[in-house]
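Notes for the one structure printed next.
Protein chains: 2
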Amino acid sequence: MSALSELGEFIREQRRNAQISLRQLAQQTGVSNPYLSQIERGLRRPSAEVLQQIGNALRISTPVMYLRAGLLEAKESGGVVSAIAADDELTERQKHLLLEIYDSFRRENTEHSPGADRAGHLVEES
Amino acid sequence: MSALSELGEFIREQRRNAQISLRQLAQQTGVSNPYLSQIERGLRRPSAEVLQQIGNALRISTPVMYLRAGLLEAKESGGVVSAIAADDELTERQKHLLLEIYDSFRRENTEHSPGADRAGHLVEES
DNA sequence: GCAGAGCGCTTGCAAAAGTTAGCACCCCTG
DNA sequence: CAGGGGTGCTAACTTTTGCAAGCGCTCTGC
Chain Z
1 MSALSELGEF
11 IREQRRNAQI
21 SLRQLAQQTG
31 VSNPYLSQIE
41 RGLRRPSAEV
51 LQQIGNALRI
61 STPVMYLRAG
71 LLEAKESGGV
81 VSAIAADDEL
91 TERQKHLLLE
101 IYDSFRRENT
111 EHSPGADRAG
121 HLVEES
Chain F
127 MSALSELGEF
137 IREQRRNAQI
147 SLRQLAQQTG
157 VSNPYLSQIE
167 RGLRRPSAEV
177 LQQIGNALRI
187 STPVMYLRAG
197 LLEAKESGGV
207 VSAIAADDEL
217 TERQKHLLLE
227 IYDSFRRENT
237 EHSPGADRAG
247 HLVEES
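Residue numbers (the numbering used here), protein chains in the order written: chain Z, 1 to 126; chain F, 127 to 252.
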């Protein structure tokens with residue numbers, strides 16, 4: 001399975017998940033519906049602009065979209081932690097909270113009983 | 127001045143700064159030198175792949191490159207967003223949530239009355 | 001039954017992206 | 001001065017992107 005058709009399936013999945021038809025998505029994105037069809041079936045490689053529009057309409061963040069398309073290299077683990085630490089727009093307290101949430105998410109995924117723990121309480125106090 | 131030629135001049139500037147000729151950069155990036163020339167003079171719009179290669183050769187981080195090219199919104203300027211996107215330990219949903227929290231934090235900081243908005247509701251529903 | 005509107009898909013076609021070949025202009029070095 | 005190797009740029013070509021038009025299908029209302 002090529003990375004191209006993986007991307008296509010991901011997009012199709014997200015679109016179906018959002019209960020949107022090809023033509024509706026086409027209208028929202030400004031991309032033609034035949035082209036969207038081809039993208040979803042993995043026989044065309046959309047440009048970054050188109051990807052941006054699709055992600056925008058489907059509420060998927062652009063970097064996530066680019067990552068799926070192989071346009072953004074997957075960074076080494078710890079990237080999130082250091083990126084948060086280096087951010088100059090967050091307060092120290094916010095960084096701390098964000099990191100705790102990040103950790104709790106990762107813990108969720110490695111748990112045997114998934115979905116049991118929730119991160120809601122972590123944002124209770126700003 | 128179009129955003130296209132701005133990008134071109136930026137690349138040229140970075141290349142000159144690194145003391146690299148067009149052909150050398152072409153070889154390093156795997157892109158032909160005439161095309162690089164056209165990119166630098168702002169009369170061609172490089173794809174994200176090419177941009178990635180250029181940034182890679184010139185030691186410019188990919189998100190910064192995309193940002194310069196207008197392929198990434200300024201609001202998701204940094205490392206945090208792309209780092210989250212690239213993380214392979216989080217589910218898509220978790221990434222989305224984390225990004226929303228991150229955004230809400232930054233919004234808090236730029237508001238006139240800080241602390242008014244809370245991010246708690248963002249984690250309410252899985 | 002049969003318009004009409006929705007769905008996704010196929011087919012050519014225009015416009016970009018990108019390449020190979022070759023131009024003109026230097027700066028050396030024999 | 002011939003020449004080779006460096007620079008960046010131009011021209012013609014191939015490949016890919018993205019779209020308009022139209023296909024066949026299904027469902028609904030008249």
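Every residue gets a Cβ at the ideal spot worked out from N, C-alpha and C, and that includes glycine.
A quick note: this is a predicted structure, and the numbers were derived from the prediction, not measured.
- Pairwise C-beta distances place the region 166-182 of chain F in contact with the region 133-140 of chain F, as three or more of them are shorter than 8 Å.
- Neighbours of F:Ser131 in chain Z, taken as residues whose beta carbon is under 7 Å from its own, are absent, since the nearest beta carbon is some 18 Å off.
- Within 7 Å of the CB of F:Arg194, no CB atom of chain Z is found; the nearest one sits about 13 Å away.
- Between Z:Ser61 and F:Leu225, the C-beta spacing is below 7 Å.
- Below 8 Å, too few C-beta pairs join the region 189-197 of chain F and the region 212-228 of chain F to call them touching: fewer than three.
- With 16 or more other Cβ atoms from the protein chains shown falling within 10 Å of its own Cβ, F:Pro189 counts as buried.
- Distance from the CA atom of Z:Asn109 to the CA atom of Z:Leu97, rounded to whole angstroms, is 19 Å.
- For Z:Ile54, the closest of Z:Val81, Z:Ile20, Z:Gly79, Z:Ala83 by C-alpha to C-alpha distance is Z:Ile20.
- Proximity of F:Ala183 to chain Z, defined by a Cβ-Cβ separation below 7 Å, is not satisfied.
- When rounded, the separation of the alpha-carbon atoms in Z:Gly79 and F:Ser208 is 9 Å.
- The Cβ-Cβ distance between Z:Ala57 and Z:Gln28 falls below 7 Å.
- Annotated as proximal: F:Ser163 and F:Leu148, with beta-carbon spacing under 7 Å.
- At least 7 Å separates the beta-carbon of Z:Ala48 from that of F:Ala144.
- In the displayed model, F:Leu193 falls within a helix according to three-state DSSP.
- Boundaries of the alpha helix (DSSP H) around F:Asp229: 218-236.
- Using a Cβ-Cβ cut-off of 8 Å, F:Arg232 is close to Glu89, Leu90 of chain Z, given in chain order.
- Within chain F, no C-beta atom comes nearer than 8 Å to that of Z:Leu25; the closest sits roughly 18 Å away.
- DSSP places F:Gln145 in the coil class of the three-state scheme, outside both helix and strand.
- Listed along chain F are Glu215, Leu216, Thr217, Gln220, each with a C-beta nearer than 9 Å to that of Z:Asn109.
- Residues of chain Z with a Cβ closer than 8 Å to the Cβ of F:Ile180 do not exist, since the nearest Cβ in that chain sits about 13 Å away.
- Taken residue by residue, none of the region 146-171 of chain F has a beta-carbon sitting less than 8 Å from a beta-carbon on chain Z.
- Of the candidates Z:Tyr35, Z:Ile84, Z:Arg59, Z:Arg59 places its Cα closest to the Cα of F:Arg219.
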